[in-house]
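Asker:
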Ligand code: ARG
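In the working numbering, the protein residues as written are 1 to 465.
(1) By the three-class DSSP mapping on this structure, what secondary structure does residue 161 have?
(2) So, residue 391 versus residue 368, is the Cβ gap smaller than 8 Å?
(3) Counting only the same chain and skipping the five closest in sequence on each side, list residues whose C-beta sits under 6 Å from that of residue 207.
(4) Can you find the residues in the same chain that come closer than 7 Å, C-beta to C-beta, to residue 232, ignoring five residues on each side of it along the sequence?
(5) Any heavy atom of the ligand ARG inside 7 Å of the beta-carbon of residue 332?
(6) Please report how far the alpha carbon of residue 482 lies from the alpha carbon of residue 412, in whole angstroms.
(7) CB of residue 31 to nearest heavy atom of the ligand GTP: below 7 Å?
(8) With burial defined as no fewer than 16 other Cβ atoms inside 10 Å of the residue's Cβ, what is the status of residue 265: buried or exposed?
(9) Taking 7 Å as the cut-off, is the C-beta of residue 27 nearer than that to any heavy atom in the ligand ARG?
(10) Is it the case that the CB of residue 91 approaches a heavy atom of the ligand ARG more closely than 7 Å?
(11) In the DSSP assignment, find the unbroken alpha helix (DSSP H) run with residue 105 in it and report its ends.
(12) Which one of 320, 46 and 331 has the shortest CA to CA distance from residue 30?
(13) Is the stretch 215-226 in contact with the stretch 39-48, if contact means three or more CB pairs nearer than 8 Å?
(14) Any heavy atom of the ligand ARG inside 7 Å of the beta-carbon of residue 350?
(15) Do you know offhand how far residue 370's Cα is from residue 274's?
(16) Whole angstroms are fine: how far does the CA of residue 290 sit from the CA of residue 374?
(17) So is the beta-carbon of residue 87 under 7 Å away from any non-hydrogen atom of the ligand ARG?
(18) Taking the alpha helix (DSSP H) that residue 61 belongs to, which residues open and close that run?
(19) Quick check: the Cα distance between residue 282 and residue 299, rounded to an integer number of angstroms?
(20) Should residue 317 be counted as a contact of the ligand ARG given a C-beta to heavy atom distance under 7 Å?
(21) Buried or exposed for residue 66, going by 16 or more other Cβ atoms inside 10 Å?
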C-alpha cells in the first residue's frame, strides 16, 4: 500500500513528508469513491487536448486505454490505493504513468487537481441526485397505491395531536406525497447548478493552452461551463444546496416516520408494519418495535448537521481553492448515503404497511370530531356561523357530561341546543358524511382523493419521460 514518501512531491522538497502529515492530509480513504468520475473526466480532458492539438493523438489513445484498464482494476478490486499518494487523483495518475509511461505524464497538461476535484464531485453528485430522484419516485408511487386503495377509509385528522376532524387515510397519504413532490422539484432545481463544468479553470487562473471547455462539457453531459475560473475551483454552493435539499427531504421522512411510530403504538393501533421492518427486544419477549422508522427519524439529525458543517467550512474561505475544501466530501457522501437508505426504508414500509380500519374509525368517532360538521349544518339552515358554533359547543358540553359522543346524543336532546336541527342531521354527524362533504379540490372526500391520485399519477409519468 505504501510508496516511498519522498516521491509525493518532487524536486522542490528537501525531505520526505512527515508520517503524521501524510495521514493528516490524505483523502484517498474517502475520495476514492470519485474514481469512476475522475476517470471519465480525464478521458474527456485527454480527448479535448488531442482535438485542440495540445496532445498527440497517439498519446491521447494510450491515456484513454490506460484509464479504461485502471477502471477495470478498480471495479475488480485489484487497484492498489496508496495513502502516500494522497488522493484519488494522484493515485490514478501515478498508475496511468506506470501503465502507459510518457503519455501518462502528459495528461495533467492544462488542468489542476483543483478543477479536477470540483469536476469529479459535481459529476458524482449529479448521478446520485438522479438515483435519489428515482427513490423518491418509488416512495411516491407506493403512497399513491395505498392512497387509492384506502381513498374512503376514515381516520381522525389531528391538530395539536388532538382529534380534530375526520379525514380519509388516502388523503393523509397524499399529504406525504406532496411533501416529496416538493423535495423532487427542489433537487431538480439544485441539479441544474450542480451540472456546471469547472474543468479548464486549472489551479485558479485558467490555463495558457488553447483548450475547448465546451467540448469537455458536452462529452461529460454538463449543461454549462463555469463562467469564472476563481469561482469554479472554490465554489461549493452546489454541495451546500444539495445538503439543504436533502435535509428538507430528511425532515419530511422524519415526520412521516414519527407518525408511523405513533400509529404503530397500540394506543393508536392505526397501522401494522410488515414484520420484516420491525425488530424485537433482547429482554422483553412481547415487544415489536418500530426501529426502522425511529432510525429514519434519528438519522435526519446527521444530515441537518452536514448542512451546517458545509456552511461553516465555506464561510471564511478566501478565493480561490483552499485545502479546507477537501473536507466537503465526507458530509456530502454521508448525506447521500443516509438519504438513499432512508428512502429505501420508507418505501419498504409504505409498500408493506396495512391500516387497521376499525381502530381508525373508532378513533375518528372520539373527540366529537364532527362538531364542525354540525355547525356547518346549522349555517346551511340559515344560522350565523358564530351562533352555530356556540350552540354546538353547548351540545358538546352536554355530550361530555353524559360521557358519550356528540353523534350519540338523541335528536330530541340536540334540538334543545338549536331548533333548526332536524332528523337529517344524522348523516352529517358520521365520519363518512363528514369526509364526503369536503368535496372540493384539495379536500378529503373519497372522490377528491381518487381524483388527486389520478392527477398525481399523470404528473409522475410526465416527469419520468
Ligand atoms: N484532495 C483534494 C481535495 O479534495 C484535491 C485537490 C487538491 N489540491 C491541492 N492544491 N492541494 O480538495
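Even for Gly, the Cβ is constructed at its ideal location relative to N, Cα and C.
Answerer: Reading it off the structure:
(1) Annotated three-state conformation of residue 161 is coil, per DSSP.
(2) Contact: no.
(3) Apart from sequence neighbours up to five positions away, the residues of its chain that approach residue 207 with a beta-carbon distance below 6 Å are 110, ordered along the chain.
(4) Taken in chain order, the residues that qualify are 115, 118, 198, 201 and 226.
(5) The answer is no for residue 332.
(6) The displayed coordinates of the chain run from 1 to 465. Any statement about residue 482 would go beyond what the structure contains.
(7) No copy of the ligand GTP occurs in the structure displayed; its ligands are the ligand ARG alone.
(8) Residue 265 should be labelled exposed.
(9) Residue 27 has its CB nearer than 7 Å to a heavy atom of the ligand ARG.
(10) Between the ligand ARG and residue 91, a heavy atom-to-CB distance of less than 7 Å is absent.
(11) Here the alpha helix (DSSP H) through residue 105 covers 102-105.
(12) Comparing alpha carbon positions, the residue from 320, 46 and 331 closest to residue 30 is 331.
(13) Because the criterion of three Cβ pairs below 8 Å is met, the stretch 215-226 and the stretch 39-48 touch.
(14) Relative to the ligand ARG, the beta carbon of residue 350 is positioned no closer than 7 Å to any heavy atom.
(15) Counting only the Cα atoms, residue 274 lies some 32 Å from residue 370.
(16) For residue 374 and residue 290, the distance between alpha carbons rounds to 38 Å.
(17) If you check the C-beta of residue 87 against the ligand ARG, you find a heavy atom less than 7 Å away.
(18) 57-75 is the extent of the alpha helix (DSSP H) around residue 61.
(19) One Cα belongs to residue 282, the other to residue 299, and the distance between them is close to 23 Å.
(20) No, the ligand ARG has no heavy atom inside 7 Å of this Cβ.
(21) Under this definition residue 66 is a buried residue.
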